[in-house]
Amino acid sequence: VIETYSFDGELLNRNNLFSAVLNETLYYQNFVGADFDYDGKIELAVVHAVLDKNIFYVDRYNSNSYHSFISVIDDDGTVLSTYKLKGYMINDLVIGTFGHDKPIIIAKLEDTWSTMYEGYKIIALDFEGKELLM
Numbered sequence: 028v029i030e031t032y033s034f035d036g037e038l039l040n041r042n043n044l045f046s047a048v049l050n051e052t053l054y055y056q057n058f059v060g061a062d063f064d065y066d067g068k069i070e071l072a073v074v075h076a077v078l079d080k081n082i083f084y085v086d087r088y089n090s091n092s093y094h095s096f097i098s099v100i101d102d103d104g105t106v107l108s109t110y111k112l113k114g115y116m117i118n119d120l121v122i123g124t125f126g127h128d129k130p131i132i133i134a135k136l137e138d139t140w141s142t143m144y145e146g147y148k149i150i151a152l153d154f155e156g157k158e159l160l161m
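Residue numbers (our numbering): 28 to 161.
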């Protein structure tokens with residue numbers, strides 16, 4: 028659960044982004060902040076990755092065992108976008124402009140049993156969750 032509070036302690040919003048069920052294990056949680064849309068307020072990019080143990084214990088090479096999510100959350104706690112990926116675990120997240128006009132999200136994708144021959148990857152996203160070419 029991610030709760031967003033005002034400076035005076037008022038609860039603004041509560042999001043259940045990490046709604047893992049009993050058969051899932053939450054592996055990575057990370058977040059970074061930036062003014063993605065230049066509205067003068069900081070948005071958060073939050074990443075989490077889960078392993079579905081029911082699938083993993085039957086076939087660890089099944090890419091449906093591994094799920095990663097990057098959600099961008101506005102200053103009031105509203106989820107602006109969510110990027111979903113299967114087969115990889117996102118474990119590093121950075122923000123930068125890298126020659127673009129607005130900040131972008133760079134994520135390092137760690138390989139899993141299902142993607143071990145493809146190796147690590149790096150993806151770039153805008154704050155709306157769209158993949159960008161670098």
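Glycine residues also receive a C-beta, built at the ideal position from the N, C-alpha and C atoms.
Taken atom to atom, the span from the alpha-carbon of K135 to that of D35 is near 36 Å. Between the beta-carbon of V121 and that of V59 there is about 7 Å, and that keeps the pair under the 8 Å contact cut.
The alpha-carbon separation between L44 and D102 amounts to approximately 16 Å.
Taking every protein chain shown into account, the CB of S95 has 16 or more other CB atoms within 10 angstroms, so this residue is buried.
When the five nearest sequence neighbours on each side are left out, no beta carbon in the same chain lies closer than 8 Å to the beta carbon of D66. By the CB criterion at 8 Å, I131 and T142 fall outside the cutoff. Only residues of its own chain outside the window of five on either side were considered, and among them I131, A151, L152 and D153 have a CB closer than 7 Å to the CB of L159, listed in chain order.
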